[in-house]
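K.L.:
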Ligand code: BJW
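Residue numbers (the numbering used here): 105 to 365.
1) Need the endpoints of the alpha helix (DSSP H) that residue 296 sits in, please.
2) Can you tell me which residues form a DSSP beta bridge with residue 343?
3) I need the DSSP call for residue 279, collapsed to helix, strand or coil.
4) When the Cα atoms are used, what is the spatial distance from residue 314 to residue 298?
5) Quick check on the DSSP output: what are the complete alpha helix (DSSP H) runs of length 4 or more inside the region 143 to 231, in order along the chain?
6) Here's the rule I'm using: 16 or more other beta-carbon atoms within 10 Å means buried, otherwise exposed. How should residue 105 be labelled?
7) In or out: residue 311 buried (at least 16 other Cβ within 10 Å) or exposed?
8) Do the region 224 to 235 and the region 185 to 201 meet, that is, are 3 or more Cβ pairs less than 8 angstroms apart?
9) According to DSSP, is residue 319 helix, strand or coil?
10) Do residue 277 and residue 244 have their CB atoms nearer than 8 angstroms?
11) May I ask you to check if the CB of residue 332 is nearer than 7 angstroms to at least one heavy atom of the ligand BJW?
12) Is it the case that the CB of residue 210 approaches a heavy atom of the ligand BJW more closely than 7 angstroms?
13) Could you check whether the Cβ of residue 369 sits closer than 7 angstroms to any heavy atom belonging to the ligand BJW?
14) Quick check: the region 216 to 223 against the region 128 to 143, are there 3 or more CB pairs under 8 angstroms?
15) What residue range is occupied by the uninterrupted beta strand (DSSP E) comprising residue 249?
16) If I measure Cβ to Cβ from residue 236 and keep anything under 6 angstroms in the same chain, skipping five residues before and after, which residues do I get?
17) Between the region 201 to 208 and the region 340 to 359, are three or more C-beta pairs nearer than 8 angstroms?
18) Using the C-alpha atoms, what's the distance from residue 213 back to residue 365?
19) Counting along the chain, where does the beta strand (DSSP E) carrying residue 329 start and finish?
20) Apart from the five residues on each side of it in sequence, which residues of its chain come closer than 6 angstroms, Cβ to Cβ, to residue 255?
21) Does the Cβ of residue 356 lie closer than 7 angstroms to at least one heavy atom of the ligand BJW?
22) Within 10 angstroms of its Cβ, does residue 118 collect 16 or more other Cβ (buried), or is it exposed?
23) Ordered along the chain, which non-local residues of its own chain (more than five positions away) have a Cβ less than 8 angstroms from that of residue 182?
24) Between which residues of its own chain and residue 187 is the CB-CB distance below 8 angstroms, once the five residues before and five after are set aside?
25) Provide the residue span of the alpha helix (DSSP H) that contains residue 118, from first to last.
26) Could you check whether the Cβ of residue 135 sits closer than 7 angstroms to any heavy atom belonging to the ligand BJW?
27) Is the beta carbon of residue 248 closer than 8 angstroms to that of residue 273?
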């Protein structure tokens, strides 16, 4: 942890729960970095990061409806392999700290919305309640004909590409490049961003829109904005405070400043 981090954490704690006042309206945006400490690979990252998921695969070509249309077997095998990895992973100290922070904030009269770009469901498994899945979930799959959602068993599909009960192709219920985010998720984000008082961007490279633009909306709403990331990102200079480090270390340290609720 950098030497100035405890001072920054004290300042953030005072914004989250000002003395003699209700707790703040808080929004948290998370990305793949928060699940890195659970052993799940990130999408992008430094060249040093051997766990970068798309070191071997190009996201712009794989996470698209076009890629699925061209080669549904390859794309669904890749997603099923990732689905099993998510099911095998456990929430880490960062996920658990956010669930505790939500209980603290809502218990003290504030509001808490967790916007996640992650498809792994680890926030929910850690106990977070108000979670908005911006890019869907890899745990659920969707019939490409009827749109019906289903949760496959915890073992690999028996054949690829997998088929739905209706006999059509099944695809992961995630948002690919060029696809719209779920309307309800966008509405929840827009609603919260109008009145947000403290905004966190945690473990995201802030290059994928529309999520990468949320911090600017939070700034425009007058919120106190914070980034927690292992590296610099395009928003590092746009936030009020940047904390360089691992979410699984920083977030528990922030809770300590709040009296370890
Ligand atoms: C740690 C750490 C530790 C590591 N602690 N930190 C405006 C401008 C330009 C383009 C667009 C625009 N609006 C829309 C677009 C097009 C496109 C887009 O954004 N393209 C960009 C690449 C430029 N967006 C879309 O198409 C979106 N749809 C849309 O907007 O519809 C309307 C529309 C369509 C077309 C044109 C215009 C409008 C949909 C985006 C869907 C993204 N889908 C994916 C795949 C999901 C399924 C799957 O999982 O496979 O979502 S892509 C991938 O990137 C995934 C992630 O959620 C997303 C973001 O990645 P994330 O989470 O930030 O991870 P990383 O790996 O990038 O970063 C990890 C970070 O963690 C790093 O910074 C590390 O340093 C850090 N870290 N360990 C703290 N321990």
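Note that CB positions come from ideal geometry on N, CA and C, so glycine has one too.
P.N.:
For this structure:
1) 287 to 297
2) Its beta-bridge partners do not exist; DSSP assigns none.
3) coil
4) Each residue's Cα considered, the two are about 16 angstroms apart.
5) 163 to 166, 169 to 174, 176 to 192, 197 to 211, 226 to 230
6) exposed
7) exposed
8) yes
9) helix
10) yes
11) Result yes, Cβ under 7 angstroms from the ligand BJW.
12) no
13) Residue 369 lies beyond the range of the chain shown here (105 to 365); nothing can be said about it.
14) yes
15) Element bounds for residue 249: n/a, residue is neither H nor E.
16) 219, 289, 292
17) yes
18) Each residue's Cα considered, the two are about 15 angstroms apart.
19) Counting along the chain, the beta strand (DSSP E) containing residue 329 begins and ends at 328 to 333.
20) 244
21) no
22) exposed
23) Result list for residue 182: 161, 166, in chain order.
24) 242, 243, 256, 276
25) 109 to 120
26) yes
27) yes
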